[in-house]
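Q:
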Amino acid sequence: MFRVCNVSDIKENSLNKFTIEKKDILVGNRDGKLFACDNSCPHRGASLHKGIYKGNNVVCYMHGYEFDVLTGKLTNMKSWKKSDTWIEQNPAWRESGNLIMYEIEIKQNEVYVKIPPNQ
Amino acid sequence: MTTDYKEKIGELVGIEVIVKNGIDVEKLRKLLLAGVGAEFFTYYYYTILRMHCTGRDGEGIKEIVEDARIEDRNHFEAMVPRLYEIGGALPRDVRQFADLAGCPDAFLPNDWENVEEILKVLLEAERCAIRSWGEVCDYTATKDHRTYGIAQAIMQEEIEHEAWFVELLSKRPSGHFRRSYVGQSPHTKGHGGLQHLS
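Residue numbers (our numbering), protein chains in the order written: chain A, 1 to 119; chain B, 1001 to 1198.
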């Protein structure tokens, strides 16, 4: 487990980037629930801490894909279409995995994250 | 043979220094591949979009689309050598390259006779490119000076392109005048394979 910060550093409904062992991780607090995941969007690698919340989802600022921050699941693949006359993207381009979630633990008001060695 | 050579000269110091600065080289390769893919396919799709800038309205924007088209191709040329320097490569199959591109394909809309719809597609493409190179700049700033230098030069031109298309759609002044020649790339021209523009 790696120590990340103090619990008080993670404000409610915030998205925070930390670098642990050269890896950028996202630690957030959604309505009082802490979570941690890889900061790279599984679609094209954009930094998720630049996104916004929508319900329990983080919305990636790059292409608008949404991921549930508590489960890591991809919940919405936003279409690029601005009008009905636009042609949708190729399914292979749109494809995305889920978030890479990390185990998080609070010990004595400090946040710890477990990052598997091969990630 | 290759192994012997590697044993004699060791790893590239050009990579070693960025790793020591905290760069995950594999992550950087992916970001650059997505970025150059977006530029390559934007160049392709802008060709189609420019061809459809027709009629009196289309004639007015054709040259601006051409400037952006050639400069986006220049961005591909400028960054691809860096991708190879850090041990990356372009996919051998262009179809795979398309699927890895960092931005959506800028498809010609069905109502292309309305030039405004073409401008909206162009604007979306430029906005995605700004975000994409912004990621590279943010990731490499103070850690990988060489990649940062190229990416920030590209980003400057992408920001100008966005402003051109915003001006055409909204009349908000872009603050820019015309390029001296098509594909001038005033910020990127000294990089990568663009020495012919210097």
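All residues carry an ideal CB built from backbone N, CA and C; glycine is no exception.
At least one CB of chain B closer than 9 Å to the CB of I104 of chain A: is that the case?
A: So no, I104 of chain A is outside the interface.
Q: What residue range is occupied by the uninterrupted alpha helix (DSSP H) comprising L1168 of chain B?
A: First-last of the alpha helix (DSSP H) with L1168 of chain B: H1145 to S1170.
Q: Out of A:R44, A:F18, A:S8 and A:I25, point me to the one whose CA is closest to Y102 of chain A's CA.
A: Residue A:I25 is the option with its Cα nearest to Y102 of chain A.
Q: Check whether chain B comes within 9 Å of T85 of chain A, counting only Cβ atoms and requiring the distance to be less than that.
A: It does: the Cβ of T85 of chain A has a partner Cβ on chain B nearer than 9 Å.
Q: With H, G and I counted as helix, E and B as strand and the rest as coil, what does DSSP make of I1048 of chain B?
A: Helix at I1048 of chain B.
Q: Determine the direct distance from the alpha carbon of G1035 of chain B to that of V1019 of chain B, and round the result to whole angstroms.
A: For V1019 of chain B and G1035 of chain B, the distance between alpha carbons rounds to 21 Å.
Q: Please report whether the beta-carbon of K1030 of chain B lies at a distance below 9 Å from any beta-carbon of chain A.
A: Yes, because at least one Cβ of chain A sits closer than 9 Å to the Cβ of K1030 of chain B.
Q: Could you check what DSSP says for K1030 of chain B in three-state terms: helix, strand or coil?
A: DSSP places K1030 of chain B in helix when its eight states are reduced to three.
Q: Excluding the 5 residues flanking I1150 of chain B on each side, which residues of the same chain have their C-beta closer than 8 Å to its C-beta?
A: Excluding residues within five positions, the ones whose Cβ falls inside 8 Å are A1078, M1079, R1082, T1188, H1191 and G1192.
Q: Helix, strand or coil for V131 of chain A? Go by DSSP, reduced to three states.
A: Any question about residue 131 of chain A goes unanswered here, given that chain A covers just 1 to 119.
Q: Hey, V7 of chain A and N16 of chain A are a contact pair by Cβ (cut 8 Å); roughly how many whole angstroms apart?
A: Actually they do not touch by this definition, with Cβ atoms about 12 Å apart.
Q: I want to see whether chain A comes within less than 9 Å of I1023 of chain B, judged by CB atoms only; does it?
A: Yes, I1023 of chain B lies at the interface with chain A (some Cβ there is under 9 Å from its Cβ).
Q: Counting pairs of Cβ atoms below 8 Å between the segment 1053-1064 of chain B and the segment 1110-1117 of chain B, do you hit three or more?
A: Enough Cβ pairs lie closer than 8 Å, so yes.
Q: Within this structure, are the beta carbons of N1110 of chain B and T85 of chain A separated by less than 9 Å?
A: Contact: yes.
Q: Would G1175 of chain B count as contacting chain A if we go by Cβ distances under 9 Å?
A: Chain A contact via Cβ: absent.
Q: In the DSSP assignment, find the unbroken alpha helix (DSSP H) run with R1069 of chain B in it and report its ends.
A: Start and end: G1055 to E1085.
Q: When the Cα atoms are used, what is the spatial distance from R1127 of chain B to V1182 of chain B?
A: R1127 of chain B and V1182 of chain B: Cα-Cα distance of roughly 21 Å.
Q: Please list the partners that A36 of chain A has in chain B, where partner means a Cβ-to-Cβ separation under 7 Å.
A: Result: empty, since nearest Cβ-Cβ is about 18 Å, beyond 7 Å.
Q: Do the segment 31-47 of chain A and the segment 93-108 of chain A touch if we need at least three Cβ pairs shorter than 8 Å?
A: These segments touch.
Q: Applying a beta-carbon distance threshold of less than 8 Å, which residues of chain A neighbour K1027 of chain B?
A: What K1027 of chain B touches in chain A: S40 and G45.
Q: In the segment 1072-1093 of chain B, which residues sit with their C-beta less than 7 Å from some C-beta in chain A, listed in chain order?
A: Hits within the stretch: zero.
Q: Considering only their Cβ atoms, is the gap separating M1 of chain A from K114 of chain A smaller than 9 Å?
A: Going by C-beta atoms, K114 of chain A is nearer than 9 Å to M1 of chain A.
Q: Indicate whether at least one CB of chain A lies closer than 9 Å to the CB of L1131 of chain B.
A: Note on residue identity: the sequence assigns Arg, not Leu, to residue 1131 of chain B. True, the Cβ-Cβ gap to chain A drops below 9 Å.
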